[in-house]
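First residue of the sequence shown: 1, per UniProt numbering; consecutive thereafter.
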Amino acid sequence: MTTEIVKEGEFAGWQTWPNEPFEYDSAGPFYFRTDEKGPVAAFRAQRKHMNAGGVMHGGCLMTFADYSLFAIAHEGMEGEYGLTVAFTSEFLDGALEGEYIEARGDLLRKGRSLMFVRGIITANGRPVLNFSGTIKKKRKQPS
């Protein structure tokens, strides 16, 4: 999948997938990079991410977790496209508008076509969602 480097703003230098309209335009934008601790995905919580109770909508957290599966497994994807075939999450706390939302995790196992990932999302460092998932790499079609 094609990535783009962010040129300005809070996430300058991070990467994003601009060809993912739901995650980039609607739910996000979300960003990722690899730092000294490993792969990380992040975004800043905005009003559009909140529910009527004033905390981040659970669907937004799960969407970001799904995005984060691919950010965490990015190098193992070797430029190929993948699909989420299994996803599990547990809500731990609510995230608030303005907070820095971050996901970190591990690629637990990489097979020929399946990858197993786990991670945790934090809001200003406070755990808000635990997640795990399985990615199926889409095989390249012969030209």
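Positions of the beta carbon are idealized from the N, C-alpha and C atoms, including for glycine.
Remember, predicted model here, so these are calculated numbers, not experimental data.
Identify whether E75 lies in helix, strand or coil by the three-state DSSP scheme.
Residue numbering aside, residue 75 sits at position 75 when the sequence shown is read from its first letter. Under the three-state reduction of DSSP output, E75 falls in the helix class.
Beta-carbon proximity of I135 to A73, cut-off 7 angstroms:
Within the sequence shown, the letter at position 135 stands for residue 135. Within the sequence shown, the letter at position 73 stands for residue 73. In contact: I135 and A73 (Cβ atoms closer than 7 angstroms).
Tell me whether A103 sits in a helix, a strand or coil according to DSSP, three-state version.
Counted from its first residue, the sequence shown places residue 103 at position 103. In the structure shown, the three-state DSSP call for A103 is strand.
Report yes or no: do three or more beta-carbon pairs, one from the segment 22–42 and one from the segment 54–64, lie closer than 8 angstroms?
The segment 54–64 and the segment 22–42 touch, with three or more beta-carbon pairs separated by less than 8 angstroms.
Separation of R44 from R104, as counted between CA atoms:
Within the sequence shown, the letter at position 104 stands for residue 104. Within the sequence shown, the letter at position 44 stands for residue 44. Each residue's Cα considered, the two are about 15 angstroms apart.
Looking only at its chain, what residues have a beta carbon closer than 8 angstroms to the beta carbon of V6, apart from the 5 residues adjacent to it on each side?
On the sequence shown, residue 6 is found 6 positions in, with the first residue counted as 1. Here the set comprises A12, G13, W14, Q15, T16 and Y31.
Starting from S132, follow the beta strand (DSSP E) in both directions and report where the run begins and ends.
Looking up residue 132 in the sequence shown gives position 132. From DSSP, the beta strand (DSSP E) with S132 extends over R126 to K137.
Output the distance between the C-alpha atoms of A95 and E4, rounded to the nearest integer angstrom.
On the sequence shown, position 95 is the one that residue 95 refers to. On the sequence shown, position 4 is the one that residue 4 refers to. The alpha-carbon of A95 is positioned some 27 angstroms away from that of E4.
Taking the alpha-carbon positions, what's the E75 to S89 distance?
Within the sequence shown, residue 75 is the residue found at index 75, counting from 1. Within the sequence shown, residue 89 is the residue found at index 89, counting from 1. Each residue's alpha carbon lies about 23 angstroms from the other.
From G58 to P18, what distance separates their C-alpha atoms?
To locate residue 58, count along the sequence shown from 1; it is residue 58. To locate residue 18, count along the sequence shown from 1; it is residue 18. Annotation: G58 to P18 spans about 23 angstroms, alpha carbon to alpha carbon.
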